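Line by line, the protein sequences are chains A and B. Residue numbers for the first sequence follow the working numbering, so the first one is 818 and each next one is one higher. Residue numbers for the second sequence follow the working numbering, so the first one is 25 and each next one is one higher. Beneath this line is the structure, given in structure tokens, with notes to follow.
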Amino acid sequence: MAENVLLRHEDVPDIHKLDVYLAHDGYAAARQALMTLKPEEVTAQVKESNLRGRGGAGFPAGVKWGFLPKDSDKPVYLCCNADESEPGTFKDRAIIEKNTHILLEGILITCYAINAHTAYIYIRGEFAYGAKCLEQALAEAYGQGLFGKNIFGTGFDLEVYVHRGAGAYICGEETGLIESLEGKRAYPRIKPPFPAVYGLFGCPTIVNNVETLACVPSIIKNGPDWFRSIGPESGPGPKIYGVSGHVEKPGMFELPMGMPLREVIYDYAGGIKDGKQLKAVMPAGSSFPVLTPDEIDVHMDFDSMRAIGAFLGTAGIIVMDEDTCMVRALEIVDRFYHHESCGQCSPCREGTGWLHKLLVRLEEGNGKAEDIDLIDRICTNMMGNTVCVLADAAAMPTQSYLTKFRDEFVAHVTEGGCPLKKTAVQPEAA
Amino acid sequence: MPTLEIDGQEVTVEDGLNVIQAAEQVGIEVPHYCYHPGLSISGNCRMCLVEIENMPKLQIGCNTRVSDGMVVKTTSERAKHAQAAVLEFLLINHPIDCPICDQAGECKLQDYYMLYGAYKSEMQLEAKVHKGKVVDLGPEVVLDEERCILCARCTRFCDEITQTGELGIFERGDHSRLSLFPGKKLDNPYSGNVVDVCPVGALTSKDFRFKSRVWYLEKTPSTCTRCATGCNIDIYHRRGEVFRFRPRQNPDVNTYWMCDEGRHWYKSFQQDSRIPTPLVRDESSFTVASWDEAGKRVAHAVRSAQDGHGADAVAAIIGAKATNEEAFLLSRLLREQIGSTHTAGLSWSPADAFHDDFLIHADKNPNTQGLKSLGLLNGGGEAEAILAAAEQGQVKVLFILGADLVMAFGQKRIDSALGETTVIVLDTDYNGTTEYADIVLPIAAAVETDGTCTNQAGRVQRLSQAFLPPGEAKAGWEALALLSTQLDGPDSVSISDVFSELTHSVPAFAGLTYGKIGLQGIPLAGPETGS
């Protein structure tokens, strides 16, 4: 791809400043949308572009907007999901901090399309700097009349609020986010009804991820055909791949959707650190199955990943080299889900903690042979049986570790501990 | 009216029911913890997972509305497996301290373990998450955080029913715990209901805990007599002692709830002030008498007053805690056997009695409406008029049934009214008024007698005899039947017999039978009671 869209700050320094952004066609797409297109035409273009949600689920954004009831007399809200908390994922943060206005412009266009006059950016509490960036950029944009009353003289009004979360992974689940924004515990809601029908304050609400919204201006500016030409038709567009772990050049790479995972790791992230062998990759944050080295020729798009029983998720790629203890790695993953389960549904509340305890026991060398099947059984009992997918997000990677690296788990039992002799299990998080 | 299939049975149910409710109609219990028909849907326990044809995932019965043609399987392999799995999750961190848990015997964890679980324990005790024990929530309730399964019934009760919002769930994951919001106490007039809605032993009643194993208690359905609302209750008792009242479901009266005042009302029936035997006054002190002896004294007093001063020299004041049957029998005795027109009802409550717009009524009598239907209360000055007549020496014999006149009118007034009158008191307990009695006839308290009361909305509801009254005391209707025979009137052999006579002579009750009233009561027809 010639130019970065989402990571444009790599091409244009200081693009987070309004004057720089404006000097580089900033808010031209918004102007075009508000002044020349009807809201439904904007939605139609986004639908046509086949922009799929970048928060992990890959639901087509335009279709989601189309679920808003046509005859409601309630206000419509847009919630920008900036609660980026998925392990190994740091793409939204980059957009928020370095390419702030493209997100704000995406919010403006989206609000126009869905006829929302209030938007909330729900930003992860730990992103203090990001929240400051957003506040500053908003202040600048309000100053230029890009938000507020009568934007571009079209009569369209929009207020945008930045809301900082208080530190819970579950606030990134869209209905948990809504509950939290309403001032309550972020217990995900039972669906249906979906937020498009019954969302924030009981009103029709669209929740979109940062990266999704940041794609919107480019669709309006360059047209849906342009967007669809980037990567596979089934889920096209620019995509940020975040690579972390045992690679030479960890970082973010904006590439077309559908890049082979191998290429991202070896060509962009510089391959495995210190010339070691690859052992495993979590290609989609931590909530989805782990891949083995013989699976990394997969293309990183929603459908190709599904075809091998994996997911694209956030495309936060966590690379593990040959020295990695997979029991320890899974223990860390499940410690996270134990810590972050909201506690609403019995299977997740009790299951995540149970999984973690069993993994600590295995890693410490106190595991029993039957623990491996017990872990598998707990996962099966958690999956699909809860209000939201956090239980699945814990169970799926866990089962994949057991299946793909079973020998290592068995070895921890038979050898009474980690054969890699790197056991330094961290104390269980409070 | 959707028609659907549940576990192979076809059933047509009313619109808007969920799977749990629809299944209940064909006698199938879908196991559940967080679902409660009186509260909003929470969907957190996941125990009611059922299989529904054409839906790939199992669905929670509580949040699934039934629709036409739906095929529900509550006991398929998949559903049973999921239910057993949820139960296992709920139990891994549960202390399993059943031997010392007050909920044992009426615990849904125990019940479902027998039905769905019955597997071996996979979790060692030391690995369990530990939380707070014996947490004081308020005057009524103690919390054991480890037993809590976080179903949020209690928090929903406080949010939705009392709207007092004292309780919340704090922390996350398996460290989640039920707690009071800072600075709050669970101290609202209905707080005891959280103990009833708690499906496990997390919330226990300070009043009831450790008093008895529930399986030693008998349960008798009845009506609370604390106020004119008449909440439907179950009396839990053993060997002539009540251990607790619990609300019994009645959609037309109290739905699922009762107040704390009513919950503690059972204590009023088992105080040291209960009168154990008939008493007759000889000179200044009481002596114990047999019923026969006391009855003869009553007859003698009545006949001498009648002969010397005319029938209207005999009068009666009937308190609104008397049942319809007691009030009917005494007023009939006065009217028919004696020929007196001086029969008055009395419905007295403290002026500052606590009341609200939910279940707690300002009228602290269970049967004010009943006395109105019987024509004993109209303007409310009836008892007053009798006292005035007594003050003028016109009342020679006064029956007082279930009314403490000293409490209602003050000692001074009663001194001047009853100084010269032969006073016959029928009551459960010694009180200010028994001091004035010449003959005391001990009768059964509300938990010891059958009968009916008419609540403030004009609904006739049954009281049930849970056990016999103490000592020589008799059910009020039996005592009055005995007096009737002493005065050459008819006898009554059963409560339904009395009720049947009542329906024949009181128009408001026409057409009713004791059996028809059943356990849910029946609204009285007629403008007088305005149901």
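From the three backbone atoms N, C-alpha and C, an ideal C-beta is built for every residue, glycine too. Note that the coordinates shown come from a computational prediction; the quantities given were computed from them, not determined experimentally.
- In terms of Cα proximity to A/I1189, the closest of A/T1215, A/T1169 and A/T1203 is A/T1215.
- For A/Y1058, there is no enclosing alpha helix (DSSP H); the enclosing beta strand (DSSP E) covers residues P1055 to G1062.
- Look at B/K243 here: in three-state DSSP terms it is strand.
- Interface criterion met: the Cβ of B/I193 is under 8 Å from a Cβ in chain A.
- With 16 or more neighbouring CB atoms inside 10 Å of its own CB, A/F1153 falls in the buried class.
- A distance below 6 Å between beta-carbons, with the five flanking residues on each side excluded, links B/D462 to the following residues of its chain, in chain order: R305, T446 and V447.
- In this structure, B/G156 keeps its C-beta atom at 8 Å or more from the C-beta atom of B/L210.
- Residues of the region 111 to 125 of chain B with a C-beta less than 7 Å from any C-beta of chain A: F113, L114, I116 and N117, listed in chain order.
- If you ignore the 5 residues before and after A/G843, its C-beta comes within less than 6 Å of the C-beta of H918, all in its own chain and listed in chain order.
- Rounded to the nearest whole angstrom, the C-alpha separation of B/R270 and B/A481 is 21 Å.
- Segment contact: the region 903 to 913 of chain A against the region 1005 to 1019 of chain A, fewer than three CB-CB distances shorter than 8 Å; contact not assigned.
- For A/G984, DSSP records no beta bridge to any residue.
- When CB distances to chain A are screened at a threshold of 9 Å, the residues of the region 69 to 86 of chain B falling below it are C69, R70, M71, L73, P80, K81, L82 and I84, in chain order.
- Scanning its chain for C-beta atoms nearer than 7 Å, with the 5 sequence neighbours on each side dropped, one finds around B/F267 the residues F232, K235, S236, L241, Y260 and H261, in chain order.
- When rounded, the separation of the alpha-carbon atoms in A/F1226 and A/V1206 is 26 Å.
- The region 408 to 424 of chain B makes contact with the region 330 to 350 of chain B: 3 or more CB pairs, one atom from each, lie closer than 8 Å.
- Contact between A/V1033 and A/A899 is ruled out by a C-beta separation of about 15 Å, above the 8 Å threshold.
- Residues of the region 1146 to 1171 of chain A with a C-beta atom less than 9 Å from some C-beta of chain B are Y1154, H1155, H1156, E1157, S1158, C1159, G1160, Q1161, C1162, S1163, P1164, C1165, R1166, E1167, G1168, T1169, G1170 and W1171, listed in chain order.
- Contacts between A/G965 and chain B, judged by CB atoms closer than 8 Å, are missing: the closest CB pair is about 37 Å apart.
- In chain B, no part has a C-beta under 7 Å from the C-beta of A/I995; the shortest such distance is about 16 Å.
- Under the 8 Å criterion on CB atoms, B/R196 is classed as interfacial with respect to chain A.
- B/V153 belongs to the set of residues whose beta carbon lies under 8 Å from a beta carbon in chain A.
- Using a Cβ distance threshold of 8 Å, A/V1107 and A/V1081 do not count as a contacting pair.
- The beta carbons of B/D515 and B/A505 sit closer together than 8 Å.
- Of the other Cβ atoms in all chains shown, fewer than 16 fall within 10 Å of the Cβ of B/F205; this residue is therefore exposed.
- In this structure, the beta-carbon distance from B/V165 to B/L227 falls below 8 Å.
- B/I116 places its beta carbon less than 8 Å from that of B/M147.
- Rounded to the nearest angstrom, the gap between the Cα atoms of B/S308 and B/Y460 is 10 Å.
- Only N1198, M1199, G1201, N1202, T1203 and V1204 from the region 1198 to 1212 of chain A bring a Cβ to less than 9 Å from some Cβ of chain B.
- In this structure B/S314 is in contact with B/P302, their Cβ atoms being roughly 7 Å apart against a cut-off of 8 Å.
- In terms of beta-carbon proximity, A/L1179 stays away from the interface with chain B, with every pair separated by 8 Å or more.
- The continuous alpha helix (DSSP H) containing A/Y959 extends over residues A945 to G960.
- Sequence-distant partners of A/G1201 (beyond 5 residues in either direction) whose C-beta falls short of 7 Å from its own C-beta, in its chain, are D1209.
- Under a criterion of Cβ atoms nearer than 7 Å, the residues of chain B adjacent to A/I1007 are, in order, G67 and N87.
- Counting C-beta atoms within 10 angstroms of its own C-beta, A/T1169 has 16 or more neighbours from the protein chains shown and is therefore classed as buried.
- Excluding its 5 nearest sequence neighbours in each direction, A/T1203 has C-beta neighbours in its own chain below 6 Å: C1162, P1164 and C1165, listed in chain order.
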